[in-house]
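Chains as they are written, first to last, in the working numbering: chain A, 905 to 1081; chain B, -13 to 290. To keep things clear, I will list the structure first and then write my remarks on it.
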């Protein structure tokens, strides 16, 4: 009788099962829902961009399933949901998807905490890009709390990775246990 | 001898390279950004996508609503009784004002009839609840649970129990977006209650206090003065409390005084809001004489 895999990040030598496209879609929708949670005040400042995290994970793990164009479309959806200017999230997600495809081999070599540091740089870079574009467009410069969301997102990276790769981990047979 | 091609064989071909895609979608985003900030061409697209997103948004809000209802159901009887007593007390203390108000209304109507002035239009008001505050860190907005279906229109003023909160800027079928007083460059025409000086209050963005611009240093204003809407723009009805002056700096080297004010209403805190009906359409703006050199005055409307 197969056992469920333990809830821990996969070891580097472990070979993951192929991912199911519906699972990718489901997690992206869950990420979108996570972004739609109505919060305000301090929680709002701490809230990371869940959709960006999930997107980044799939872009790194399965670049064949998620392309730059798809990331861009999800960004447009987020633009409407957040009532931001059209193209703001779209630009950030497209850059994120491209950066993920460019850096994926490097990121995957590291243990999760060091991956999180690299993810922090990626997320902060996207945030800075959005800041630049908006400020050029005439928006005021936001407070320093603007950088908190991406950092919280990076801290959540190990959790997101563990959660999302759990269904892909091979089930161990009774003999192995 | 031919060397081996570096390109992948055609059956592995996956469309244009990621960099090409990034360039394409990046430029498209920039074009969209420009079109949306500058011209607002894309409101209908936004409307359509918002309708698709609405069920998802409601689904996310449902647990919080259920939780709030359950908590209110189990809220202790003592707390309710206390609340009730406080509200009765408040009602009583405001009774003279309310009763006098009726008298004043009648008197006002009679005087206006005598003077042949048009009646003041009292539009229908809509009570609304805040769904969530906007997540865009560059703007100050919030979303309320009443929209087109409840007759809300863009441009309506939004108040809470103390004063003006902001203005409806976008209306979706079942919700509306309210731009707050504190949003950058959101302008409200105000007058000082004590001296009657008119000015326009501009929001300054998140975490900064709104200010009155272009007031000469000798103007009759001081810290602690209350600002009311002047009603000049036709968007905000006159006489609503807006803000209190926090500081007035009159530097000799400057042409204008620096006046900062603090909104009275719980701009980012009030859970319950009232959307005021539109006042009767303001009279047409007089034709501007062609090629006159009179300075154009700011209209005090939110850029939109």
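For each residue, glycine too, the CB sits at the ideal point set by N, CA and C. Computed from a predicted model, the values in this text were never measured in an experiment.
With distances taken between CB atoms, is the gap from residue i to residue j smaller than 8 Å?
{"i": "residue 201 (chain B)", "j": "residue 245 (chain B)", "result": "yes"}
{"i": "residue 211 (chain B)", "j": "residue 178 (chain B)", "result": "yes"}
{"i": "residue 127 (chain B)", "j": "residue 168 (chain B)", "result": "no"}
{"i": "residue 232 (chain B)", "j": "residue 255 (chain B)", "result": "no"}
{"i": "residue 142 (chain B)", "j": "residue 261 (chain B)", "result": "yes"}
{"i": "residue 950 (chain A)", "j": "residue 936 (chain A)", "result": "no"}
{"i": "residue 1122 (chain A)", "j": "residue 969 (chain A)", "result": "No answer is possible for residue 1122 (chain A): it lies beyond the span of chain A, which begins at 905 and ends at 1081."}
{"i": "residue 1053 (chain A)", "j": "residue 952 (chain A)", "result": "yes"}
{"i": "residue 144 (chain B)", "j": "residue 151 (chain B)", "result": "yes"}
{"i": "residue 133 (chain B)", "j": "residue 161 (chain B)", "result": "yes"}
{"i": "residue 1011 (chain A)", "j": "residue 19 (chain B)", "result": "no"}
{"i": "residue 989 (chain A)", "j": "residue 155 (chain B)", "result": "no"}
{"i": "residue 97 (chain B)", "j": "residue 149 (chain B)", "result": "no"}
{"i": "residue 978 (chain A)", "j": "residue 1020 (chain A)", "result": "no"}
{"i": "residue 995 (chain A)", "j": "residue 1034 (chain A)", "result": "yes"}
{"i": "residue 146 (chain B)", "j": "residue 259 (chain B)", "result": "yes"}
{"i": "residue 213 (chain B)", "j": "residue 187 (chain B)", "result": "yes"}
{"i": "residue 81 (chain B)", "j": "residue 942 (chain A)", "result": "no"}
{"i": "residue 253 (chain B)", "j": "residue 216 (chain B)", "result": "no"}
{"i": "residue 243 (chain B)", "j": "residue 196 (chain B)", "result": "no"}
Return helix, strand or coil for residue i, following the three-state DSSP convention.
{"i": "residue 258 (chain B)", "result": "strand"}
{"i": "residue 119 (chain B)", "result": "strand"}
{"i": "residue 34 (chain B)", "result": "helix"}
{"i": "residue 58 (chain B)", "result": "helix"}
{"i": "residue 152 (chain B)", "result": "strand"}
{"i": "residue 25 (chain B)", "result": "coil"}
{"i": "residue 192 (chain B)", "result": "coil"}
{"i": "residue 129 (chain B)", "result": "strand"}
{"i": "residue 1070 (chain A)", "result": "helix"}
{"i": "residue 964 (chain A)", "result": "helix"}
{"i": "residue 79 (chain B)", "result": "helix"}
{"i": "residue 207 (chain B)", "result": "coil"}
{"i": "residue 235 (chain B)", "result": "strand"}
{"i": "residue 1064 (chain A)", "result": "helix"}
{"i": "residue 113 (chain B)", "result": "strand"}
{"i": "residue 919 (chain A)", "result": "coil"}
{"i": "residue 987 (chain A)", "result": "coil"}
{"i": "residue 914 (chain A)", "result": "coil"}
{"i": "residue 274 (chain B)", "result": "coil"}
{"i": "residue 286 (chain B)", "result": "Note that residue 286 (chain B) scores 44 on pLDDT, short of 50, meaning its location in the model is unreliable; the coordinates nonetheless yield the value given after this. Correct three-state label for residue 286 (chain B): coil."}
{"i": "residue 951 (chain A)", "result": "coil"}
{"i": "residue 4 (chain B)", "result": "helix"}
{"i": "residue 925 (chain A)", "result": "helix"}
{"i": "residue 1043 (chain A)", "result": "coil"}
{"i": "residue 945 (chain A)", "result": "coil"}
{"i": "residue 219 (chain B)", "result": "coil"}
{"i": "residue 969 (chain A)", "result": "coil"}
{"i": "residue 302 (chain B)", "result": "Lying before the first or after the last residue shown, residue 302 (chain B) is absent from chain B, which here runs from -13 to 290."}
{"i": "residue 253 (chain B)", "result": "coil"}
{"i": "residue 294 (chain B)", "result": "Outside the displayed span of chain B (-13 to 290) sits residue 294 (chain B), for which this structure offers no information."}
{"i": "residue 1014 (chain A)", "result": "coil"}
{"i": "residue 96 (chain B)", "result": "helix"}
{"i": "residue 1029 (chain A)", "result": "helix"}
{"i": "residue 1038 (chain A)", "result": "helix"}
What residues match up with residue i in a beta bridge as DSSP calls it?
{"i": "residue 243 (chain B)", "result": "B:201"}
{"i": "residue 230 (chain B)", "result": "B:212 and B:248"}
{"i": "residue 165 (chain B)", "result": "B:127 and B:153"}
{"i": "residue 186 (chain B)", "result": "B:175"}
{"i": "residue 304 (chain B)", "result": "Shown here, chain B extends from -13 to 290; a query on residue 304 (chain B) therefore has no answer."}
task: Compile a chain-ordered list of the residues in the region 925 to 939 of chain A whose CB is closer than 9 Å to at least one CB of chain B.
output: Look at the region 925 to 939 of chain A: the residues with a C-beta under 9 Å from a C-beta of chain B are 933, 936, 937, 938 and 939.
- request: Please name the residues in the region 957 to 984 of chain A whose beta-carbon is closer than 7 Å to at least one beta-carbon of chain B, in chain order.
  value: 971, 972, 973, 976, 981 and 984
query: Can at least three beta-carbon pairs, one atom from the region 951 to 960 of chain A and one from the region 973 to 982 of chain A, be found at a separation below 8 Å?
result: yes
- prompt: Three or more C-beta pairs closer than 8 Å, one from the region 27 to 47 of chain B and one from the region 1028 to 1047 of chain A: is that the case here?
  reply: no
query: Touch check for the region 57 to 77 of chain B and the region 1 to 18 of chain B: three-plus C-beta pairs under 8 Å?
result: No, the region 57 to 77 of chain B is not in contact with the region 1 to 18 of chain B.
task: Would you list, in chain order, the members of the region 251 to 265 of chain B that have their beta-carbon closer than 9 Å to a beta-carbon of chain A?
output: Taken in chain order, the members of the region 251 to 265 of chain B whose beta-carbon sits within less than 9 Å of a beta-carbon on chain A are 254 and 255.
field: Sufficient close CB pairs (3 or more, under 8 Å) joining the region 994 to 1005 of chain A to the region 1045 to 1056 of chain A
entry: Contact between the region 994 to 1005 of chain A and the region 1045 to 1056 of chain A is absent, because fewer than three Cβ pairs lie under 8 Å.
Given 8 Å, three or more beta-carbon pairs between the region 148 to 166 of chain B and the region 113 to 129 of chain B: yes
field: contact_flag[the region 109 to 116 of chain B, the region 926 to 933 of chain A] where n(CB pairs < 8 Å) is 3 or more
entry: With a cut-off of 8 Å, the region 926 to 933 of chain A and the region 109 to 116 of chain B do not count as touching, because too few Cβ pairs lie within range.
Near-chain A residues of the region 150 to 170 of chain B (beta-carbon distance less than 8 Å), N- to C-terminal order: 156, 163 and 170
query: Quick check: the region 1003 to 1012 of chain A against the region 977 to 995 of chain A, are there 3 or more CB pairs under 8 Å?
result: no
- request: Residues of the region 29 to 40 of chain B with a CB closer than 7 Å to any CB of chain A: list them in chain order, please.
  value: 32, 35, 36 and 39
field: Chain-ordered residues of the region 113 to 140 of chain B with a beta carbon less than 9 Å from chain A
entry: 116, 117, 118, 119, 120, 121, 122, 123, 124, 125, 127, 128 and 129
- request: Give, in chain order, every residue of the region 1042 to 1058 of chain A whose Cβ lies closer than 9 Å to some Cβ of chain B.
  value: Within the region 1042 to 1058 of chain A, the residues whose Cβ lies closer than 9 Å to some Cβ of chain B are 1042, 1043, 1044, 1045, 1046, 1047, 1049, 1050 and 1053, listed in chain order.
- request: Give the residues from the region 1013 to 1040 of chain A that approach chain B closer than 7 Å (Cβ to any Cβ), ordered along the chain.
  value: The region 1013 to 1040 of chain A vs chain B, Cβ under 7 Å: 1037 and 1038.
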